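Protein chains in written order, with our numbering: chain A, -14 to 438; chain B, -14 to 438; chain C, 993 to 1161; chain D, 993 to 1161. The beta-carbon is built from N, C-alpha and C at its ideal position, and this holds for glycine as well. Since this is a predicted model, take the numbers as computed values, not measurements. Below: one structure, written as structure tokens.
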Amino acid sequence: MRRVLIANRGEIALRIIRACRDLGLETVVVHSTQDRDTRPVRMADAAVCIGPPEPARSYLYTPAVVEAALASRADAMHPGYGFLSEDADLAAVCRENGLTFVGPSAEAMARVADKAETRALMTEAGLPLLPGTTAAVQSEAEAFAVAEEIGFPLILKATAGGGGRGMTVVRGREHLAKAFRETRTQAKLAFNDGSLYIERYLEGARHIEVQILCDAHGNGVHLGERDCSVQRRHQKVLEEAPSPALTPAMRDDVGALAVRGALAVGYQGAGTMEFLLDAEGRFWFMEMNARIQVEHPVTEMVTGIDLVAAQLRVAAGERLWFGQEDVKVTGHAIECRINAEEPRSGFAPRTGTVTDLALPAGPWIRVDSHLEAGTHVSPHYDALLAKVVAWGADREESARRMRRALAELRVEGRGLATTRDLHEAVLGDAEFLDGGVTLDYLGRRLDDLVATD
Amino acid sequence: MRRVLIANRGEIALRIIRACRDLGLETVVVHSTQDRDTRPVRMADAAVCIGPPEPARSYLYTPAVVEAALASRADAMHPGYGFLSEDADLAAVCRENGLTFVGPSAEAMARVADKAETRALMTEAGLPLLPGTTAAVQSEAEAFAVAEEIGFPLILKATAGGGGRGMTVVRGREHLAKAFRETRTQAKLAFNDGSLYIERYLEGARHIEVQILCDAHGNGVHLGERDCSVQRRHQKVLEEAPSPALTPAMRDDVGALAVRGALAVGYQGAGTMEFLLDAEGRFWFMEMNARIQVEHPVTEMVTGIDLVAAQLRVAAGERLWFGQEDVKVTGHAIECRINAEEPRSGFAPRTGTVTDLALPAGPWIRVDSHLEAGTHVSPHYDALLAKVVAWGADREESARRMRRALAELRVEGRGLATTRDLHEAVLGDAEFLDGGVTLDYLGRRLDDLVATD
Amino acid sequence: MTTSDTDATPAADIAAAAILLREALAIADSSGRTPARIALAVGGASVEVDWSQTPAAAAPQPLALTGAPSAVVPAAGADDGGAMPGIAVESPLVGTFYRAPSPEADPFVSVGDVVEEGQTIAIVEAMKLMNTITAPERGRISAILPEDGDRVEFGQPLVRLVPLGTDAA
Amino acid sequence: MTTSDTDATPAADIAAAAILLREALAIADSSGRTPARIALAVGGASVEVDWSQTPAAAAPQPLALTGAPSAVVPAAGADDGGAMPGIAVESPLVGTFYRAPSPEADPFVSVGDVVEEGQTIAIVEAMKLMNTITAPERGRISAILPEDGDRVEFGQPLVRLVPLGTDAA
């Protein structure tokens, strides 16, 4: 591996460039015409314009991405997150064209992509799963039959889903028919696949996910968990590591489950095993993310391990260079996603051009962002502007530093709004500070949090 | 302690504001007319203009600084480094006016300020010292007598010296008279005190300094060492922690010496004990710095301990909240001082207005800097523009990340030049990378390093 | 900004615009604060200079000595009564402004008074030392800016004085 | 920078604008700060100078497909022969530019040729698929920009075409 094509944009493209630099790898970044004058494009060793602003004709268009890699003599491709990152076809096309895909094999990707099938594989591997289906539910009638068996509340999920989209919680029999139809339509629109599966829904649970890393030689380790329970409609807003709800023994247990599950699907690279933690302290496997995740920096800050560099190294065939006993979690880290959205208006996108920018800095603050004065925030792409991450010796210290960092953050521009104030409100909220929250938190407290701020 | 007056400017003022924020303390920053529109002034809770640009009439003018503290109802004063930071009078005036001085007592400061007296105290405390005088040498004749006794090479140092100024190495008897006269004149000009002391000079040594932290209750710990051997005429250019030359046993030994010495002078707060490490692995005490140091971030990055917050906490009377066994050094950190100087022209100052600025960011990079587009770099103040600090799991990884960070750094403006390229050259130099260097390194290799770049 | 009257713009307008521009910049400069934009028009001539990359929010925040009771005084340049006639006599140091030598005494001067060069017009106390503020030249007091007992910064205008020359003008 | 001469702008205005501009620049310069924009107008003459926020050093770096042999091609917009007459026919995708259907065959077109709307003028190969590039309208080829076999980006000008209308103009 010598030259890596980065099939992404924004902060994650910059993050991958930095990891490549650290490893002495050259970088090529692809970009749409919209993104021509952006930091990743300027910072990479080379850049290739692959299409117009619409993702379907640029970042999501496999032939353009692969051709760009071949044209620029890249020998590897890092897909980042989103876009084509969990596309088994891309992994296959890369292999056919002699490109090292930085991620799992096409086969493992395909196994993980179908969330109903993943449930079946994980059941087999002995992971605890909530009652539900391990194959797509074909009809409304079948949905009613399943509901009869597992009871309410339940959740309908798109088998091809991801990023928290295509999910509906159903709290009673009377809502099932409508929810089933609507969710199927959403799934069809969002993922071009209307298949749904059904799972018991847990009230008052936490979202706990385990970072795993596997090499191509059958070795896997976990790097501890992240608590991503501050969510709005299944979208992560703020993440932290470690979870304030876990004991060391629970951490070892869920970590071991995660590694077992990943190895069971023949996974290679960095991935995430998502679990729900119920009020009784039991973990339930939910799904696997076969990519680097937005929130990976909190794990990096508490373990000191560069996950993106690790992805590249295992993709190049390197054996894992450390064992489970070498992974030490030190202190606490919190990440706030600064999105171009207005929480007071249902998180409506608020895009525009950044005319005034101040990114936080200083001790124990890390900011991953592609923003600069003049950056145009386009409605074509996702709303993530910056990830502000704060480390502290303990949770309280990291929260205090995060408040300091948020106070330094300024992203202004006509039409722009951000989620900064919401984060400030959460970081000042007693319920959050006192041991963290469950998944119902933001839905229940949002009005309150954005009003008092 | 509730409201801290910061009697400094530039990056260290910003650093102190951030530590205060983390501790929930209010901040007041003083500034000259020149510094009115700077980041620390805007970021502090309040600001007071105390004088014109000349430091003697503003940052170095004790009555203005103390009056500003009283006027703004501050109850504590943090002096930063440089300016009045090691002024025993300021510590005394603060005490008289009911202000908590963030630093040692006036008495301890006075003991440490006279470097010849410090030598006597440390000898008493059992620290190893190079042959030399423990009182000021009064005349040329006396200097010749001392030289007779301790031999050449020797070094003449101002007893009131600091910041690497007022020192001359004398390699033979024939140079002594002239060097004595000239150094005395320099010391008189720089410190308003022409007293000199004499020490044997060690060739091929390293500069190893130990960070210590003492509370007001007689407890002291050390936070490991820094290697500051990349120097140019006794001025530190690049620092790292830990030193590549120390074994864990050596670290324990020199750390214990440092704490013993600090407690012997009744020290309180954060301080640094400077040693020379000779080719045989022996440590020799040199001097003590009774302030936070420019290079403190490398210690923070490998220990996870906030030194500025710690200064404030012990100044407020808090007992040390951790013991020596709790201090763990993890990984490696390097700091590059980015100065507004041209290494190709004898490090001549190159000041001007910053019109184009890009500060590095991303994983494991910390940048302490007050710069922003539009910042005027004034010849009135020191040349430090930014401290770029990189952490890695080992020395090699931190060096690679530092190279990545330096590549991202851009400070442009008419008339400006920086030491960036020199740092890049050092970070790419086999001699430096292969286990670090001795104090003769930069003098010997400078032409080579700035030429090949 | 384009004013497009097609006739030839009088030379006087051009000269006036140039003068105005230089003046505007000098004034902006002496205020110690950085303008983001200057726009001016004289007859058919208009000029606009924009330093907009200096972020707007980077404008100086209140530099007041907050926290001190009855001591919140605007910083120099922020509101020094610049519209008032006369020259500003500025504080030579940070301290407390007093109009009289002691609480019971009469003020040194009042608005409307004519003072001679070197005459004491106020005191700024710092670290228990009384620093007398004297008139830089003969003139009439047109304004006394801080209240008695206010904390003042270095460079803060204390008094405005309309010069009268050595004889009454 | 745009000098918008409408009808006959009086020479005096032009000269005046030049003077004002020089003045504005000198003053801006002496203030030690770099303006982002200067705009001025005198009568019918207007000048605007824009140092956009994009810093000089931040100007886009070569977006060339470096590393590919004989394939370093300037990016779209960088140097597309914009000074040449005609309209640009741009690449609809990233790929390899070919002037002929096969290495042995004659080129589809040469400079000076007149082509009809829809006529094939080149091929861009991507992922082993041949994408034909056709003339958007009738015209005369005034330039063929990449070399045969060059790698091209999306949007990169390939050919310049001087429209001739449906009949010879």
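- By DSSP's assignment, E194(B) forms a beta bridge with R211(B) and E259(B).
- If you check each beta-carbon in the region 1144 to 1157 of chain C against every beta-carbon of chain B, the ones closer than 7 Å belong to E1145, F1146 and G1147.
- As the crow flies, the alpha-carbon of P229(A) is around 20 Å from that of M271(A).
- The Cβ atoms of R104(A) and T119(A) sit closer than 8 Å to each other.
- Annotation: Cβ neighbours of E285(B) in chain A (cutoff 9 Å, chain order): P348 and W349.
- No Cβ-Cβ contact shorter than 8 Å links I1133(D) with L1156(D).
- In the displayed model, I1(B) falls within a helix according to three-state DSSP.
- A Cβ of chain D is located within less than 8 Å of the beta carbon of A53(A).
- Boundaries cannot be given for D419(B), as no alpha helix (DSSP H) includes it and DSSP labels it neither H nor E.
- Taking the Cα of H361(A) as reference, the smallest distance to any Cα among R21(A), C321(A) and E134(A) is reached at R21(A).
- Rounded to whole angstroms, the separation of the alpha carbons of Y66(B) and L112(B) is 26 Å.
- Non-local C-beta neighbours of R351(B) in its own chain, meaning closer than 7 Å and more than five positions away in sequence, comprise P282, M286 and V374, ordered along the chain.
- Excluding sequence positions up to five before and after L198(A), its CB lies within less than 6 Å of the CB of V206, A255 and A295, all in the same chain and listed in chain order.
- In this structure, the beta-carbon distance from G1110(D) to A1092(D) does not fall below 8 Å.
- Looking at the DSSP output, D353(B) bridges to K372(B).
- The three-state secondary structure of S1083(D), taken from DSSP, is coil.
- Going by beta carbons, L292(B) and T284(B) fall inside the 8 Å limit.
- Taking a beta-carbon distance threshold of 8 Å, M1119(D) counts as an interface residue toward chain A.
- For A73(A), same chain residues with a beta-carbon under 7 Å away, outside a window of 5 residues either side, are A91, M94, A95 and A98 in chain order.
- Neighbours of G240(A) in chain B, taken as residues at a C-beta separation under 9 Å, are lacking, since the least C-beta distance is about 21 Å.
- The beta-carbon of T315(B) is placed less than 8 Å from the nearest beta-carbon of chain A.
- When secondary structure is reduced to three states using DSSP, E188(B) falls in the coil class, being assigned neither helix nor strand.
- In chain D, no part has a C-beta under 7 Å from the C-beta of P64(A); the shortest such distance is about 17 Å.
- Here C321(A) really is in contact with L391(A); their C-beta atoms are around 7 Å apart, less than 8 Å.
- Within the region 266 to 312 of chain B, the runs of beta strand (DSSP E) at least 3 residues long that lie entirely inside it are, in chain order, 268 to 274.
- Interface with chain A (8 Å Cβ-Cβ cutoff): D406(B) is excluded.
- For K100(A), there is no enclosing beta strand (DSSP E); the residue is found in the alpha helix (DSSP H) stretching over K100 to E109.
- Nearest neighbour of P1138(C) by Cα position, chosen from M1119(C), L1121(C), E1129(C) and I1113(C), turns out to be I1113(C).
- The C-beta of P282(A) comes closer than 8 Å to at least one C-beta of chain B.
- Going by DSSP, D341(B) is part of the beta strand (DSSP E) stretching over D341 to A343.
- Secondary structure of F176(B) (DSSP, three-state): helix.
- For A120(A), the nearest beta carbon of chain D is not closer than 8 Å to its own beta carbon.
- Residues of the region 106 to 119 of chain B with a C-beta less than 8 Å from any C-beta of chain C: none at all.
- In its chain, beyond the 5 residues on either side, S17, T18, Q19, S363 and H365 have a beta carbon closer than 7 Å to the beta carbon of P38(B).
- Beta bridge pairing from DSSP links G337(A) with V362(A).
- Taking 8 Å as the CB threshold, A(-2)(B) stays off the interface with chain C.
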